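First residue of the sequence shown? That's 87 in the numbering used here, and the numbers climb one at a time after it.
For glycine and all other residues, C-beta sits at the position ideal for the given N, C-alpha and C.
Keep in mind the model is a prediction, meaning the values are calculated, not measured.
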Amino acid sequence: MPTTECTALAHSQGPSLTRWQLLGAVTLATLSICTLAASAPKMSRMLHTPAASKHIPVKSTQSRPISLAPSGTQRRSSLEHIVTSIPLVRHAHAEQQTSWETQQRRATSEIQASLTWALFMGAGSLALALTGMRTLWAGSPSPMHQMAMAATVSTRDVKVAPPKEYIPGTVHISDSFDAGNIICEETSVDAVRLRIKPDPYTAGTDNCHHMQWFYFRASNVKGRKVKYDIVNAGDASYKSAWPGYNTCASYDRRAWFRVRDTEFSEETGSLSWSLDAEHETVWFAYFAPYSYEQHQELIARVAASPLARLVVLGDTLDGRPLEMLTMGTGPRKVWIVARQHPGESMAEWLAQGVLDKLFDDSAESQVLMSAATFYIIPNINPDGSVRGHLRTNASGANLNREWASTGDYMAPTLERSPEVYHTLRALDALGCDCYVDVHGDEEIAANFFADNAGIPGYSTRQDKLHKDFLAAMMAASDEFQTELGYGSDEPNMANMAICQNQIAARFDCLAVTLEMPFKDNLNKPDLIHGWSPERSMRLGHSLLSAIGTMLPALRG
Ligand SMILES: [Zn+2]
Numbered sequence: 087m088p089t090t091e092c093t094a095l096a097h098s099q100g101p102s103l104t105r106w107q108l109l110g111a112v113t114l115a116t117l118s119i120c121t122l123a124a125s126a127p128k129m130s131r132m133l134h135t136p137a138a139s140k141h142i143p144v145k146s147t148q149s150r151p152i153s154l155a156p157s158g159t160q161r162r163s164s165l166e167h168i169v170t171s172i173p174l175v176r177h178a179h180a181e182q183q184t185s186w187e188t189q190q191r192r193a194t195s196e197i198q199a200s201l202t203w204a205l206f207m208g209a210g211s212l213a214l215a216l217t218g219m220r221t222l223w224a225g226s227p228s229p230m231h232q233m234a235m236a237a238t239v240s241t242r243d244v245k246v247a248p249p250k251e252y253i254p255g256t257v258h259i260s261d262s263f264d265a266g267n268i269i270c271e272e273t274s275v276d277a278v279r280l281r282i283k284p285d286p287y288t289a290g291t292d293n294c295h296h297m298q299w300f301y302f303r304a305s306n307v308k309g310r311k312v313k314y315d316i317v318n319a320g321d322a323s324y325k326s327a328w329p330g331y332n333t334c335a336s337y338d339r340r341a342w343f344r345v346r347d348t349e350f351s352e353e354t355g356s357l358s359w360s361l362d363a364e365h366e367t368v369w370f371a372y373f374a375p376y377s378y379e380q381h382q383e384l385i386a387r388v389a390a391s392p393l394a395r396l397v398v399l400g401d402t403l404d405g406r407p408l409e410m411l412t413m414g415t416g417p418r419k420v421w422i423v424a425r426q427h428p429g430e431s432m433a434e435w436l437a438q439g440v441l442d443k444l445f446d447d448s449a450e451s452q453v454l455m456s457a458a459t460f461y462i463i464p465n466i467n468p469d470g471s472v473r474g475h476l477r478t479n480a481s482g483a484n485l486n487r488e489w490a491s492t493g494d495y496m497a498p499t500l501e502r503s504p505e506v507y508h509t510l511r512a513l514d515a516l517g518c519d520c521y522v523d524v525h526g527d528e529e530i531a532a533n534f535f536a537d538n539a540g541i542p543g544y545s546t547r548q549d550k551l552h553k554d555f556l557a558a559m560m561a562a563s564d565e566f567q568t569e570l571g572y573g574s575d576e577p578n579m580a581n582m583a584i585c586q587n588q589i590a591a592r593f594d595c596l597a598v599t600l601e602m603p604f605k606d607n608l609n610k611p612d613l614i615h616g617w618s619p620e621r622s623m624r625l626g627h628s629l630l631s632a633i634g635t636m637l638p639a640l641r642g
């Protein structure tokens, strides 16, 4: 999208602009000195040479050249005497005097102009040098730096390429909306060749371009079977997740259904499906999206209630506020954080289910809010969500590898992962007794918890809390299970840069990752919808019930 591309451009040009500032300062200073040097002889003559000694060629009325060469006062006086004693030449001398005065005024104005330019360039070079130094030392863009960046972005905006020629009658593809992600390589009346755009490179942790999320609109499709072909699906982050996956589709972006003839070809690496659409326009997505506009509506609805409070934790790299909603007044601190991986939109659907339940004014929700204070972050990665990323934020950081430094890789940082930086600061300030990190899993067709048995100092108390939480979820939801999952890390082998491991160790508390499927729950398959927003929200209700069961045991 244009706005985010501009922001990325501005971020990427900071250091080079600083160098250009300093180079500009040196250039202007040099020009200033040259200008002064060039005007110095003129100034010297103006200040130290008598006016009559100017070497001024004058033409007589007879077109004979008369030169009043400066060769000494005596000679000049005698020459003046000769000249002024001859009527014809006296007239020429009068003209010469007028011409000399004109040239003197011209020389004076030239010197003034030179001095003005020299002063202007000198001041400019000083300003550029100072702002360049400030940028280097302070590490933040100076006002001039920002103006230079804005000018660069503006220049880029002017050079936007013209659109491709659209052939009427063919299928039209667009991803120009919140969370959109697709490239249309080729289209016809009944077939479309597509490609998923990769996330920015995840340097330092994953060292790859993640890619799997897609979301686009197809228009002019009613009344015939159109084949859609994503030709780079074989390069996706979880290629093994495609078999058994059915594409999500919607005619109104509210009700989503699965396209059941979706197929992945191991041979060509292509994900394809066909649809004879009931309407002229249809949207396709990897999972039912939860748009940033929906997110804003959720925030507004909750923030307007006397039962909740909106807390802004800080800003993201794209300048979006990182929002936390707090509800309840009880002593236990319960955190529910969704969408570290922005393509896992089912996580925000679950967060909405949690909030709906807390607002339902039931006896259960009142008990929950009197026993605990809930800190809910419905979308911890809004930049990645709007940009249509699978796993990363605007800088390419996989937020679930940013909760601690790993070797030389420092995390979290404001430059790379401000979302985690802000959240961890709030956690340290407020405390934590229970933490649920909500995700979606591309491969496993089930709902499950990931544990943190591999953290240093994993205690029998934490192990019992985890097992009791599993049992509470099993009791609360028939969509939850404990057979499928990731398994446990070996003792002391947990990656402490992963959120749930860091939180469990940092606060000696119950912390889990809740995973939901992109495909379906194999124990309760729904061939029409697969795993869906509605089922995610219902699982959110069940999660709250299970947390309610756990509240008395969270601290001894
Ligand atoms: Zn995830």
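request  = Express the C-alpha separation of A304 and Q380 in angstroms, rounding to a whole number.
outcome  = 22 Å
inquiry  = Between D442 and ligand 1, is there a pair consisting of the residue's CB and a ligand heavy atom that are separated by less than 8 Å?
reply    = no
ask   = When the Cα atoms are used, what is the spatial distance from E430 to W299?
value = 9 Å
query = Going by other Cβ atoms of all chains shown within 10 Å of its Cβ, with 16 needed for buried, is Q586 buried or exposed?
reply = buried
ask   = Taking all protein chains shown into account, do 16 or more other C-beta atoms lie within 10 angstroms of the C-beta of I614, making it buried, or fewer, making it exposed?
value = exposed
inquiry  = Considering just the uninterrupted stretch of the beta strand (DSSP E) at K419, what are its terminal residues?
reply    = R418 to A424
task = Reducing DSSP to helix, strand and coil, say where R477 ends up.
result = coil
query = Whose C-beta lies closer than 6 Å to the C-beta of M560 among residues of the same chain, with five residues either side of it excluded?
reply = Only F566 meet the Cβ criterion.
query = Does any heavy atom of ligand 1 sit closer than 8 Å to the C-beta of H525?
reply = yes
ask   = Hey, how far is the Cα of M297 from the Cα of A371?
value = 13 Å
query = Would the C-beta of H427 count as close to ligand 1, meaning under 8 Å from any of its heavy atoms?
reply = yes
inquiry  = Short of 8 Å in beta carbon distance, which residues of its chain neighbour Y324, apart from the five on each side in sequence? Order them along the chain.
reply    = Q298, E528 and E529
For L280 and M623, the rounded distance between their alpha carbons = Rounded to the nearest angstrom, the two C-alpha atoms are 31 Å apart.
key: Inter-residue CB distance, R477 and H525 (contact presumed, cutoff 8 Å)   = H525 and R477 do not touch by the CB rule: their CB atoms are close to 10 Å apart, not below 8 Å.
inquiry  = Taking the beta strand (DSSP E) that P407 belongs to, which residues open and close that run?
reply    = P407 to M413
task = State buried or exposed for S358, treating a residue as buried only when at least 16 other CB atoms are found within 10 Å of its CB.
result = buried
message = On the DSSP bridge list, what partners appear for H258?
response = S305
request  = Below 7 Å CB to CB, which residues in the same chain sit around D347 once its five sequence neighbours on both sides are set aside?
outcome  = W359 and S360
message = Can you tell me whether R659 sits near ligand 1, meaning its C-beta is under 8 Å from at least one heavy atom of the ligand?
response = Because the chain spans 87 through 642 in this model, residue 659 falls outside it and cannot be assessed.
inquiry  = From the DSSP secondary-structure annotation, give me the bridge partner or partners of K311.
reply    = D362
request  = Assign G400 to one of three DSSP states: helix, strand, or coil.
outcome  = G400: strand per DSSP, three-state reduction.
task = Please name the residue, chosen from I259, P638 and D606, that lies closest to L454 on a Cα-to-Cα basis.
result = P638
task = Answer yes or no: the CB of E430 versus the heavy atoms of ligand 1, is any distance below 8 Å?
result = Yes, ligand 1 has a heavy atom inside 8 Å of this Cβ.
task = Between the Cα of M579 and those of A437, K313, P611 and A539, spot the shortest distance and give me the residue it belongs to.
result = A539
key: Nearest-angstrom Cα separation, counted from G266 out to D606   = 23 Å
query = Does the Cβ of N486 lie closer than 8 Å to at least one heavy atom of ligand 1?
reply = yes
ask   = Apart from the five residues just before and just after P663, which ones in its own chain have a Cβ nearer than 7 Å to its Cβ?
value = Summary: the structure shown does not reach residue 663, with the chain confined to residues 87 through 642, and so no result is reported for it.
Residue nearest to A457 in terms of C-alpha spacing, selected from E353, D261, L444 and P464 = L444
key: Same chain only: Cβ atoms within 6 Å of H627, ignoring 5 sequence neighbours per side   = G439 and K443
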